[in-house]
Amino acid sequence: MIQQEQIDRVLELLEAILKRPLMYFGKADDVEIANSFISGFSISLFHTFDIPFSRVDVLGESVTKRGHRFSPRGIWQELKEEGLDNEQIINELIQIQIEMWRIIKNRLEEQVEQSISEFG
Numbered sequence: 643m644i645q646q647e648q649i650d651r652v653l654e655l656l657e658a659i660l661k662r663p664l665m666y667f668g669k670a671d672d673v674e675i676a677n678s679f680i681s682g683f684s685i686s687l688f689h690t691f692d693i694p695f696s697r698v699d700v701l702g703e704s705v706t707k708r709g710h711r712f713s714p715r716g717i718w719q720e721l722k723e724e725g726l727d728n729e730q731i732i733n734e735l736i737q738i739q740i741e742m743w744r745i746i747k748n749r750l751e752e753q754v755e756q757s758i759s760e761f762g
């Protein structure tokens, strides 16, 4: 099971990506490359850390919490429809991931607290 320190490290990495997207994506405005990188990053971490929640559910919660529509069309397409330019979309995709990992961290903390209270 994933540890809180590992989530903190993921959050640190996402913050670094947010500060220097060119270093990770090569272009500041290539939404498809950024989206593929971010999606692959997220999916691989969910499998590596065996996250006990639905990735789609947590991602959907993150998207709506940030004030956007979560639909099967895809997040970046919805952001484009909202009128964001490519650099803004990339920034928001990263922000959504940061929010998603904060939600995961909070849910895991709640599970630990619940387990302690049940057995404590």
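First residue of the sequence shown? That's 643 in my numbering, and the numbers climb one at a time after it.
The beta-carbon is built from N, C-alpha and C at its ideal position, and this holds for glycine as well.
Check, Outcome
"Cβ separation of D671 and E723, assumed to be a contact under 8 Å, to the nearest whole Å", "Actually they are not in contact, since the Cβ atoms of D671 and E723 sit about 17 Å apart, beyond 8 Å."
"Meets three-Cβ-pair contact criterion under 8 Å: the stretch 707-716 and the stretch 649-665", "no"
"Pairwise C-alpha distance: E720 and Q739", "16 Å"
"From I736, I758, E654, F695, residue whose alpha carbon lies closest to that of R681", "The displayed chain sequence assigns Ser, not Arg, to residue 681. S681 has its Cα closest to that of I736, out of I736, I758, E654, F695."
"Residue from K669, I649, V698 with nearest C-alpha to I732", "K669"
"Unbroken alpha helix (DSSP H) run spanning A670, endpoints", "Looking at the DSSP string, A670 is not in any alpha helix (DSSP H), and its letter there is neither H nor E."
"Sequence-distant residues of its chain with Cβ nearer than 7 Å to I693 (five each side left out)", "I644, I746"
"Local conformation of F691 per DSSP, three classes", "coil"
"Backbone CA spacing between F691 and I649 [nearest angstrom]", "10 Å"
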